[in-house]
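S.K.: All residue numbers for the sequence shown refer to our numbering, where the first residue is 384 and numbers rise by one. C-beta: ideal position from N, C-alpha, C; glycine also. Everything numeric in this text was worked out from a predicted model, so none of it was measured.
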Amino acid sequence: MPFRTSLYLLKPVISPAFFLPKCLKILSLSANRIIMSAGTTMKRIIKITFSIILFLFLLQAAAAEELTFVTMNAWSALDARGFFSCDEFEPENDRLFRNEILTSALAETGADVIVLNGLNPAAAQASSIAAELGMAAEVWVSRSGVRFGPVSLPANLKEGDAILTAESLSTESAGRLHLNGLLSTGPVTLFSKKGVQIFGSLITAGDTSFYVFSIVWTESLFDDEKSLEGLLKGYLEGRISADEYTELVSNAVEGSASRRAQASETLSFINSIAGESPVVLMGSFNALPGSGELSVLTDAGFVDVFKRTGRGPGFTIDTEENSNFEKIPDGSPQAALKEGSGRYRSDYIMIRGAGVKPLSAEIVLDEPVYGVYPSNRYGLKAVIEFVPNPSAQ
């Protein structure tokens with residue numbers, strides 16, 4: 384029996400349906416005790432009252448859907464520079480081993496919906512993981528340099544993102560928006576270097592329908608006080624030159640401004656597609672908690688699930704413990720991240736809409752296997768409840 388199948392067989396044991404008989408038994412005993420001590424008229428009233436309570440309880444238990452979501456940046460381990468080929472931070476065998484670890488760890492989460500960012504080659508990697516997990520995959524390439532039909536340069540850059548869904552769910556593509564410089568003319572497509580995009584799927588589970596959107600915003604250093612102090616310390620200690628310091632500070636300020644603009648585009652795109660329907664937005668926002676770019680979303684009603692139900696700081700990037708950062712050579716754009724905050728959360732699961740309730744959130748895929756981490760980031764898992772027609776409940 385496949386591992387994922389066994390997880391789904393176990394789901395009823397940890398679902399409300401498992402606890403329903405126990406709740407009904409307690410309710411029945413309580414009712415009998417009260418009825419035994421009451422008069423004839425009062426007994427009838429009590430029986431009717433408890434029948435109504437029982438009906439409402441069963442209605443709620445049957446209607447609500449609890450689903451598990453995971454977001455993870457798989458990390459392509461590419462420099463993303465170069466014309467004919469991008470520099471790779473690790474040998475192919477190491478990358479394949481990381482992918483095996485990633486796939487196995489994702490299976491253990493028992494997720495119904497998974498958003499994967501930083502896949503490369505996106506279509507092949509997403510299809511491989513989806514097949515192992517018994518899930519369907521929707522994939523969009525976010526950057527591949529210059530593409531002439533099936534041929535692209537750099538040859539090894541076909542990075543993108545995917546939404547994976549359990550076979551028990553019904554899915555329909557809901558559209559896609561490239562957030563930074565996608566130019567397509569006939570057979571020629573020119574991608575920007577940033578690879579930022581949003582796309583979504585309309586998902587139906589039982590009587591519940593909702594939208595899931597995958598998001599990637601511009602990755603850069605942050606312009607918060609801690610990050611800027613880290614850059615200054617690096618300059619004063621001689622790790623970075625004056626020119627590098629100036630460039631990194633500019634990168635942080637420009638990156639924040641880019642994400643704010645992308646946040647506004649993201650919100651407009653979601654509103655145009657989902658309207659007031661329930662929405663789960665997840666992926667690599669590359670923004671700090673409480674930042675101005677995230678405020679664009681929270682001011683519009685989005686809720687940070689980990690902030691609401693998680694515990695601890697919830698780091699998804701940890702340059703101090705995650706050994707994959709040691710693979711990134713000095714001079715690479717990604718190496719600059721080590722001069723910033725060091726440990727922070729930049730990946731999120733956010734929800735909006737009536738009848739959508741966060742139940743729990745935790746960091747996952749944050750342990751090494753034989754000393755190897757699945758990615759240079761950690762994953763985020765959330766359990767979310769959906770109630771159809773909440774106004775009628």
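How is Asn654 classed by DSSP in three states: helix, strand or coil?
M.R.: Position 271 of the sequence shown, counted from the first residue, corresponds to residue 654. Asn654: helix per DSSP, three-state reduction.
S.K.: CB-CB under 6 Å to Phe440, same chain, minus the five flanking residues each way: which ones, in chain order?
M.R.: Taking the sequence shown and counting its residues from 1, the one referred to as residue 440 is at position 57. Note that Phe440 has pLDDT 49, beneath the 50 cutoff, so the model's placement of it is unreliable and no number is given.
S.K.: Can you tell me which of the three DSSP states Arg726 falls into?
M.R.: By 1-based counting over the sequence shown, the position of residue 726 is 343. Correct three-state label for Arg726: strand.
S.K.: Count the other CB atoms within 10 Å of the CB of Arg642; is the residue buried (16 or more) or exposed (fewer)?
M.R.: Here residue 642 refers to the residue found at position 259 when the sequence shown is read from its first residue. It is buried - the Cβ of Arg642 has at least 16 other Cβ atoms within 10 Å.
S.K.: Measuring straight from C-alpha to C-alpha, what distance separates Ser660 and Leu615?
M.R.: By 1-based counting over the sequence shown, the position of residue 660 is 277. By 1-based counting over the sequence shown, the position of residue 615 is 232. Going by the C-alpha atoms only, they are around 46 Å apart.
S.K.: Quickly, what does DSSP pair Gln580 with across the bridge? List them, please.
M.R.: The sequence position of residue 580 within the sequence shown is 197, counting from 1. Gln580 pairs with His561 and Val599.
S.K.: Kindly indicate which residue of Asp477, Ala513 and Gly675 has the alpha-carbon position closest to the one of Ala646.
M.R.: Mapped onto the sequence shown, residue 646 falls at position 263. Residue Gly675 is the option with its Cα nearest to Ala646.
S.K.: Does the beta carbon of Leu536 come closer than 9 Å to any beta carbon on chain B?
M.R.: In the displayed structure, chain B is absent; only one protein chain is listed.
S.K.: How should Phe708 be labelled, buried or exposed, when 16 other C-beta atoms within 10 angstroms of its C-beta is the threshold for buried?
M.R.: By 1-based counting over the sequence shown, the position of residue 708 is 325. The residue in question, Phe708, is buried, as its Cβ has 16 or more Cβ neighbours within 10 Å.
S.K.: Measure the Cβ-Cβ separation of Ala520 and Thr548 and say whether it is below 9 Å.
M.R.: Position 137 of the sequence shown, counted from the start, is the residue given in the question as residue 520. Position 165 of the sequence shown, counted from the start, is the residue given in the question as residue 548. In contact: Ala520 and Thr548 (Cβ atoms closer than 9 Å).
S.K.: Tell me whether Gly589 sits in a helix, a strand or coil according to DSSP, three-state version.
M.R.: As a working note, residue 589 is residue 206 in the sequence shown. Here Gly589 sits in coil by DSSP.
S.K.: On the premise that Val766 lies in contact with Glu449, defined as a C-beta separation below 8 Å, what is that separation, rounded to the nearest angstrom?
M.R.: For this step, residue 449 is matched to residue 66 along the sequence shown. For this step, residue 766 is matched to residue 383 along the sequence shown. 6 Å between Cβ atoms; contact.
S.K.: At 4 residues or longer, what runs of the alpha helix (DSSP H) sit wholly inside the segment 500-567?
M.R.: 505-516
S.K.: On the CB-based measure, 16 or more other CB atoms within 10 Å of its CB, does Asn503 come out buried or exposed?
M.R.: Residue numbering aside, residue 503 sits at position 120 when the sequence shown is read from its first letter. Taking a 10 Å sphere around the C-beta of Asn503, we find 16 or more other C-beta atoms and assign the residue as buried.
S.K.: Taking all protein chains shown into account, do 16 or more other C-beta atoms lie within 10 angstroms of the C-beta of Thr629, making it buried, or fewer, making it exposed?
M.R.: Here residue 629 is taken as the residue at index 246 of the sequence shown, counted from 1. With fewer than 16 Cβ atoms within 10 Å of its Cβ, Thr629 is classed as exposed.
S.K.: So what does DSSP say about Leu742, is it helix, strand or coil?
M.R.: What you label residue 742 is simply residue 359 of the sequence shown in a count that begins at 1. Looking at Leu742 - three-state DSSP - the assignment turns out to be strand.
S.K.: I'd like to confirm the pairing. Which residues does DSSP put opposite Tyr594 in its beta bridges?
M.R.: Against the sequence shown, residue 594 aligns to sequence position 211. Answer is Leu585 and Val662.
S.K.: Would DSSP call Ala644 helix, strand or coil?
M.R.: If you number the sequence shown from 1, residue 644 lands on position 261. DSSP places Ala644 in helix when its eight states are reduced to three.
S.K.: Provide the residue span of the beta strand (DSSP E) that contains Ala765, from first to last.
M.R.: For the purposes of this step, residue 765 is taken as residue 382 along the sequence shown, with counting starting at 1. Element bounds for Ala765: Gly762 to Phe769.
S.K.: The beta strand (DSSP E) spanning Val453 covers which residue range?
M.R.: The residue labelled residue 453 in the question sits at position 70 within the sequence shown. Looking at the DSSP string, the run of the beta strand (DSSP E) that includes Val453 is Glu448 to Asn456.
S.K.: Could you please give the first and the last residue of the uninterrupted alpha helix (DSSP H) stretch that includes Leu677?
M.R.: Taking the sequence shown and counting its residues from 1, one reaches residue 677 at position 294. That run of the alpha helix (DSSP H) goes Gly675 to Thr681.
S.K.: Do Val498 and Gly666 have their CB atoms nearer than 9 Å?
M.R.: Locating residue 498 in the sequence shown gives position 115, where the first residue counts as 1. Locating residue 666 in the sequence shown gives position 283, where the first residue counts as 1. Yes, they are a contact pair.
S.K.: Using alpha carbons as the reference points, say which of Phe466, Glu515, Ser459 and Ile598 lies closest to Ser535.
M.R.: The residue labelled residue 535 in the question sits at position 152 within the sequence shown. Looking at the Cα atoms, Phe466 is the closest of the given residues.
S.K.: Do you know whose CA, among Ser610, Ser511, Glu627 and Ser706, lies nearest Gly754's CA?
M.R.: Locating residue 754 in the sequence shown gives position 371, counting from the first residue. Nearest C-alpha to Gly754: Ser706.
S.K.: With DSSP run on the structure shown, which of helix, strand or coil describes Ser667?
M.R.: As a working mapping, residue 667 is identified with position 284 in the sequence shown. Ser667: strand per DSSP, three-state reduction.
S.K.: Under the rule that 16 or more other beta-carbon atoms within 10 Å means buried, what is Ser624, buried or exposed?
M.R.: Against the sequence shown, residue 624 aligns to sequence position 241. Its Cβ having fewer than 16 others within 10 Å, Ser624 is exposed.
S.K.: Anyone know if the C-beta pair for Ile732 and Phe769 falls short of 9 Å?
M.R.: Residue 732 sits at position 349 when you count from the first residue of the sequence shown. Residue 769 sits at position 386 when you count from the first residue of the sequence shown. No.
S.K.: Cβ atoms of Ser584 and Pro771: under 9 Å apart, would you say?
M.R.: Mapped onto the sequence shown, residue 771 falls at position 388. Mapped onto the sequence shown, residue 584 falls at position 201. Inclusion of Pro771 and Ser584 in the CB contact set at 9 Å is not warranted, their separation being larger than that value.
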